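Peer 1: Quick one: the structure is below, questions incoming.
2 protein chains.
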Amino acid sequence: MSIIEMIGAMAKDAKEASRGLRRLGRAQKDLCLNLMAKKLLDCQEEIIRENQKDVTKAREGGLSPAMIDRLTLDEHVIRGMADGLMEVAALSDPVGEIRGMWKRPNGLQVGRVRIPLGVIGFIFESRPNVTVDAAGLCLKSGNAVILKGGSEAIYSNIILGNLLREALQETGLPPKAVQVIPTTDREAVNILIGLEEYIDIIIPRGGEGLIRFVTDHSRIPVLKHYKGVCHIYVDRYASLDMAMEICYNAKVQRPGVCNAMETMLVHRHVADDFFPEMVKQFRDAGVELRGCPESVRLIQDMRPADESDWPREFSDLILAVKIVSHMDEALDHIEKYGSNHTEAIITNDYNRSQRFLTEVDSSVVLINASTRFNDGNQLGLGAEIGINTSKLHAFGPMGLEELTTTKFIVYGQGQIRG
Amino acid sequence: MSIIEMIGAMAKDAKEASRGLRRLGRAQKDLCLNLMAKKLLDCQEEIIRENQKDVTKAREGGLSPAMIDRLTLDEHVIRGMADGLMEVAALSDPVGEIRGMWKRPNGLQVGRVRIPLGVIGFIFESRPNVTVDAAGLCLKSGNAVILKGGSEAIYSNIILGNLLREALQETGLPPKAVQVIPTTDREAVNILIGLEEYIDIIIPRGGEGLIRFVTDHSRIPVLKHYKGVCHIYVDRYASLDMAMEICYNAKVQRPGVCNAMETMLVHRHVADDFFPEMVKQFRDAGVELRGCPESVRLIQDMRPADESDWPREFSDLILAVKIVSHMDEALDHIEKYGSNHTEAIITNDYNRSQRFLTEVDSSVVLINASTRFNDGNQLGLGAEIGINTSKLHAFGPMGLEELTTTKFIVYGQGQIRG
Numbered sequence: 024m025s026i027i028e029m030i031g032a033m034a035k036d037a038k039e040a041s042r043g044l045r046r047l048g049r050a051q052k053d054l055c056l057n058l059m060a061k062k063l064l065d066c067q068e069e070i071i072r073e074n075q076k077d078v079t080k081a082r083e084g085g086l087s088p089a090m091i092d093r094l095t096l097d098e099h100v101i102r103g104m105a106d107g108l109m110e111v112a113a114l115s116d117p118v119g120e121i122r123g124m125w126k127r128p129n130g131l132q133v134g135r136v137r138i139p140l141g142v143i144g145f146i147f148e149s150r151p152n153v154t155v156d157a158a159g160l161c162l163k164s165g166n167a168v169i170l171k172g173g174s175e176a177i178y179s180n181i182i183l184g185n186l187l188r189e190a191l192q193e194t195g196l197p198p199k200a201v202q203v204i205p206t207t208d209r210e211a212v213n214i215l216i217g218l219e220e221y222i223d224i225i226i227p228r229g230g231e232g233l234i235r236f237v238t239d240h241s242r243i244p245v246l247k248h249y250k251g252v253c254h255i256y257v258d259r260y261a262s263l264d265m266a267m268e269i270c271y272n273a274k275v276q277r278p279g280v281c282n283a284m285e286t287m288l289v290h291r292h293v294a295d296d297f298f299p300e301m302v303k304q305f306r307d308a309g310v311e312l313r314g315c316p317e318s319v320r321l322i323q324d325m326r327p328a329d330e331s332d333w334p335r336e337f338s339d340l341i342l343a344v345k346i347v348s349h350m351d352e353a354l355d356h357i358e359k360y361g362s363n364h365t366e367a368i369i370t371n372d373y374n375r376s377q378r379f380l381t382e383v384d385s386s387v388v389l390i391n392a393s394t395r396f397n398d399g400n401q402l403g404l405g406a407e408i409g410i411n412t413s414k415l416h417a418f419g420p421m422g423l424e425e426l427t428t429t430k431f432i433v434y435g436q437g438q439i440r441g
Numbered sequence: 024m025s026i027i028e029m030i031g032a033m034a035k036d037a038k039e040a041s042r043g044l045r046r047l048g049r050a051q052k053d054l055c056l057n058l059m060a061k062k063l064l065d066c067q068e069e070i071i072r073e074n075q076k077d078v079t080k081a082r083e084g085g086l087s088p089a090m091i092d093r094l095t096l097d098e099h100v101i102r103g104m105a106d107g108l109m110e111v112a113a114l115s116d117p118v119g120e121i122r123g124m125w126k127r128p129n130g131l132q133v134g135r136v137r138i139p140l141g142v143i144g145f146i147f148e149s150r151p152n153v154t155v156d157a158a159g160l161c162l163k164s165g166n167a168v169i170l171k172g173g174s175e176a177i178y179s180n181i182i183l184g185n186l187l188r189e190a191l192q193e194t195g196l197p198p199k200a201v202q203v204i205p206t207t208d209r210e211a212v213n214i215l216i217g218l219e220e221y222i223d224i225i226i227p228r229g230g231e232g233l234i235r236f237v238t239d240h241s242r243i244p245v246l247k248h249y250k251g252v253c254h255i256y257v258d259r260y261a262s263l264d265m266a267m268e269i270c271y272n273a274k275v276q277r278p279g280v281c282n283a284m285e286t287m288l289v290h291r292h293v294a295d296d297f298f299p300e301m302v303k304q305f306r307d308a309g310v311e312l313r314g315c316p317e318s319v320r321l322i323q324d325m326r327p328a329d330e331s332d333w334p335r336e337f338s339d340l341i342l343a344v345k346i347v348s349h350m351d352e353a354l355d356h357i358e359k360y361g362s363n364h365t366e367a368i369i370t371n372d373y374n375r376s377q378r379f380l381t382e383v384d385s386s387v388v389l390i391n392a393s394t395r396f397n398d399g400n401q402l403g404l405g406a407e408i409g410i411n412t413s414k415l416h417a418f419g420p421m422g423l424e425e426l427t428t429t430k431f432i433v434y435g436q437g438q439i440r441g
């Protein structure tokens, strides 16, 4: 069977499975999720054995220690995957929720009911535990999923996929609800994103290159974000102690993630009071600063930022810094260079906080809190499959509800249209 | 200026305008909508004069009388456009609605607030009054819109666009909130659907060819339906009088539209009682029937359906007919040939009605009512810009709410992530 035929058949099976999933109640799905968790724990040795094949290959291929670390499954990571599945089982089921029902003058009762999206194509790189997280969220929300992981994790993904399928089978659910594409052939991505007839949504997670490729070539709607160029604006009415704590947290706590701060905007009025201490803290933490001309004049040895630094996701201990003379300048900067991901204002001024909330066009906008809170768990969604910055039904972190849509249901008594 | 530069500049202007629209309150938008209506009425003669240029060209080009009829703007149609704008003004504003707010254990208050999508690229064929309808809905929902109409309506679209812009200017709104692409060059569509940086959503309305082209080439998410292959399933427990009235309405009242019935599925148990009278009614109305082998045996002179008839949108007085031996066969048929658009069941059996609602994967599913009700106005959304059968935030008719999404807002008191 060619790879085109194989993936075509998988997609067809997924669509057929999604039909069975529509009918499932919560209890059946939770039973399966908990069995999936048990199987991961019971088969740890097998998982680790297969994972070691990937790790060995990665070492031979000269992957970086950080990459190998992300690839490695040990007891601790497997425990985490199992816990994740059980947490998803404990979340309420979004499917079947009635989102409003109203009566029309002709007596028709019209309502919206929440339904699964259908079939999700999930394309990701590197970390094999994402396989399990994504499968759990898709199952709970009633979706079939086809998983295309990175080639470096192929052995790990296949064994995980097999265990998940066993759990589906043993609980009487459609075994094709979760399918791992068992090939490292890159052509697989290309084929998958063309199967519009069977797949409803594509979610790519990984580097910007992967995501651009998928967006440029997919016929299927893509939920994704390219990058997170997150800003914090320290207003002239900010509590400076709070501003320092939040900015430090947003840059330093985990600089490699998409909701870390990349550019700090500081109102001129507070620059003299704020900068020396803030810069000291950042420098003590090893953060390299790149500043606008005015901040370079203010702070010794600050490297001047160039134009390419403003729209950049450093994903590292590097921070761009700009002094603004009024709030509009901060808003203009965010509009021009931001990525619609996450932005925060630090202020004690009521009107400015409200203006920031209204005018900043980002998936999460915060007042007096760290950008690091843009995360499904942190915002109370329970879990997330990713963050979307396209303006679709899911703008921001995507939890269970964001893996569903609604359809209209109509109760009539024989109404016809005149 | 090349066409690429021109459309690029329009898209950039639209994005800038959308920033201004975000801030607008309802009163400002309604004022503008009402002024737009007034301008249409005041400038009727000018509109009709420009429209006549299109009509003359269409006649010379040999367009069908039906097409010319759709193209023609007279006092009655202009009155309808103006009324439509005033109706949209009277609808409530979806922007700013808080969709839930909750408190996290760390004290963060998290909520979702409804926001405009941003910039909408609207591509449509033929009827110039759609220009005004779409502009009104986009403005009310806070979106900037770029309109690419059919080349046959270019003079009409340009004059309408000019009048709408005047109203925007005179009420102090961003004049680039509504822009008509002033060219008949087909390359314009191609350029528009590549401008991912500026445009958030593409909505194509027209023939399946146009919609396939846009979907295949767009980098921007597309809200669309290819076709409406709508089914009515007459169950064995149907009230047959009601079934006849609904089926007749769904096929005959307006056969050319997407929510008309294309295939009627009839339970074998009622076929003998239902068919003779139903067929007589259809034949009196000039409906051509194409039947499965069993219905062909039952009804004299019925043309046998071939495989290509089942997935077809006839858009005409033609109906495919199939006798099924149980409800599962009806559900299987809909799953295989349906277009996820609109499906209805006629039954007095409670469990079957509920099963149909749950298992049919269509944007609107009805019990004992005509498929013709899949329409934003009829379902109580006030108005619609189109119907979407992709599984995105808008599955079904798209009214004002479907032209928005939500972002997260977070009220903090200095929270950082541990």
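Respectively, the protein sequence lines represent chains A and B. Under the numbering used here, the first residue of the first sequence is numbered 24, with each subsequent residue one higher. Under the numbering used here, the first residue of the second sequence is numbered 24, with each subsequent residue one higher. All C-beta atoms in this analysis are idealised placements derived from N, C-alpha and C, irrespective of residue type, glycine included. Since this is a predicted model, take the numbers as computed values, not measurements.
(1) Regarding A:GLN401 and the ligand GTP, is the C-beta to nearest heavy atom distance less than 6 Å?
(2) DSSP state of B:ALA273, grouped into three classes?
(3) Any C-beta of chain A within less than 8 Å: which residues of the segment 396-428 of chain B qualify?
(4) Could you check which residue in A:VAL100, A:TYR360, A:HIS240 has the C-alpha nearest to that of A:GLY251?
(5) Does the Cβ of B:SER164 have 16 or more other Cβ atoms within 10 Å, making it buried, or fewer, making it exposed?
(6) So, at 8 Å on beta carbons, what are the nonlocal neighbours of A:TRP125 in its own chain, with the 5 sequence-adjacent residues on each side left out?
(7) Got a sec? Which residues, its chain only, sit under 7 Å from B:PHE297 by beta carbon, not counting five neighbours each side?
(8) What are the partner residues of B:LEU108, as DSSP defines its beta bridges?
(9) Pick out whichever of B:GLU220, B:ILE71, B:SER338 has its Cα sitting closest to the Cα of B:GLN276.
(10) Given a cut-off of 7 Å on the beta-carbon distance, is the pair B:SER348 and B:ARG291 in contact?
(11) Could you give the first and the last residue of the continuous beta strand (DSSP E) run that contains B:ASN391?
(12) Looking at the secondary structure, which residues open and close the beta strand (DSSP E) in which B:PHE147 lies?
(13) Please confirm whether B:GLU220 has its beta-carbon closer than 7 Å to some beta-carbon of chain A.
(14) Can you pull the DSSP bridge partners for A:VAL136?
(15) Going by beta carbon distance, what residues of the same chain come within less than 6 Å of A:ARG442, once the five residues before and after it are set aside?
(16) With a Cβ-Cβ cutoff of 7 Å, do A:SER386 and A:THR412 count as a contact?
(17) Could you check whether the segment 307-325 of chain A touches the segment 428-440 of chain A, counting it as contact only if at least three pairs of C-beta atoms, one from each stretch, sit closer than 8 Å?
(18) Please check if any C-beta of chain B sits within less than 7 Å of the C-beta of A:LYS430.
(19) Taking its Cβ as the centre, do 16 or more other Cβ atoms sit within 10 Å of A:THR207, making it buried, or is it exposed?
(20) Helix, strand or coil for B:THR370 per DSSP?
(21) Which residues, in chain order, does the segment 176-195 of chain A contribute to contact with chain B at a C-beta distance below 7 Å?
(22) Decide if B:HIS240 is buried, meaning its Cβ has at least 16 other Cβ atoms within 10 Å, or exposed.
(23) 7 Å is my cut-off, CB to CB: does B:TYR360 come that close to chain A?
(24) For A:LEU215 and A:GLY144, which I take to be in contact (beta-carbon distance under 8 Å), what is that distance rounded to the nearest angstrom?
(25) So if DSSP puts B:THR286 in a beta bridge, which residue, or which two residues, is it bridged to?
(26) Over what stretch of residues does the alpha helix (DSSP H) that includes B:LEU170 continue unbroken?
(27) Under 7 Å Cβ-Cβ, which residues of chain A neighbour B:TYR434?
(28) Report back the beta-carbon spacing between B:CYS253 and B:THR381 to the nearest angstrom; my notes put them in contact at under 8 Å.
(29) In three-state DSSP terms, what is A:GLU330?
(30) Go to A:GLU311, then tell me how far its beta strand (DSSP E) extends in each direction, as first and last residue.
(31) Run the CB neighbour count on A:TYR221, radius 10 Å, all protein chains shown included, and call it buried at 16 or more, exposed below.
(32) Let me check understanding here. Comparing Cα to Cα, which of B:LYS80, B:MET59, B:ILE269 lies closest to B:LEU162?
(33) Under 7 Å between C-beta atoms, does A:SER393 make it to chain B?
(34) Going by CA-CA distance only, name the one from B:ILE30, B:ILE369, B:GLU300, B:VAL245 that's closest to B:LYS199.
(35) Using DSSP with H/G/I as helix, E/B as strand and the rest coil, what is A:GLY419?
(36) What is the residue span of the beta strand (DSSP E) that B:ASN57 lies within?
Peer 2: By the coordinates alone:
(1) As for the ligand GTP, it is missing from this structure, which has no ligand bound.
(2) For B:ALA273, the three-state secondary structure derived from DSSP is helix.
(3) Listed in sequence order: PHE396, ASN397, GLN401, LEU402, GLY403, SER413, LYS414, LEU415, HIS416, ALA417, PHE418, GLY419, PRO420, THR428.
(4) Comparing C-alpha distances from A:GLY251 to each of A:VAL100, A:TYR360, A:HIS240 shows the shortest one belongs to A:TYR360.
(5) Classification for B:SER164: buried.
(6) For A:TRP125, where only same-chain residues beyond five positions count, the Cβ hits under 8 Å are GLN132, VAL133, GLY134.
(7) Cβ within range, chain order: VAL257, LEU263, ALA266, VAL289.
(8) DSSP lists no partner for B:LEU108.
(9) Among B:GLU220, B:ILE71, B:SER338, the Cα nearest to that of B:GLN276 is on B:SER338.
(10) Contact annotation: B:SER348 and B:ARG291 have beta-carbon atoms nearer than 7 Å.
(11) Counting along the chain, B:ASN391 sits inside the beta strand (DSSP E) bounded by residues 387-392.
(12) Start and end: 142-147.
(13) The C-beta of B:GLU220 comes no closer than 7 Å to any C-beta of chain A.
(14) For A:VAL136, DSSP records a beta bridge to A:ILE121, A:LYS430.
(15) Given a span of 24 to 441 for chain A in the structure shown, any question on residue 442 of chain A remains unanswerable.
(16) In this structure, A:THR412 lies closer than 7 Å to A:SER386 by Cβ.
(17) No, because fewer than three Cβ pairs between the segment 307-325 of chain A and the segment 428-440 of chain A fall closer than 8 Å, the two stretches do not touch.
(18) Between A:LYS430 and chain B, the shortest Cβ-Cβ separation is below 7 Å.
(19) Exposed, since its Cβ has fewer than 16 Cβ neighbours within 10 Å.
(20) If DSSP states are grouped into helix, strand and coil, B:THR370 belongs with coil.
(21) Flagged: no residues at all.
(22) Answer is exposed; the Cβ neighbour count stays below 16.
(23) Any Cβ of chain A closer than 7 Å to the Cβ of B:TYR360 would place that residue at the interface, and such an atom is absent.
(24) Going by Cβ atoms, the distance from A:LEU215 to A:GLY144 rounds to 5 Å, so yes, they are a contact pair.
(25) B:THR286 is bridged to B:HIS254, B:ALA343.
(26) Where B:LEU170 is concerned, there is no enclosing alpha helix (DSSP H), although the beta strand (DSSP E) it sits in stretches over 167-171.
(27) Simply ILE390.
(28) 19 Å between Cβ atoms; not a contact.
(29) Helix, per DSSP.
(30) First-last of the beta strand (DSSP E) with A:GLU311: 311-314.
(31) Buried is the call here.
(32) It is B:MET59 whose Cα lies nearest to the Cα of B:LEU162.
(33) Under the Cβ criterion of 7 Å, A:SER393 is counted among the residues facing chain B.
(34) B:LYS199 has its Cα closest to that of B:ILE30, out of B:ILE30, B:ILE369, B:GLU300, B:VAL245.
(35) Here A:GLY419 sits in strand by DSSP.
(36) Premise fails: B:ASN57 lies in the alpha helix (DSSP H), 49-65, not in any beta strand (DSSP E).
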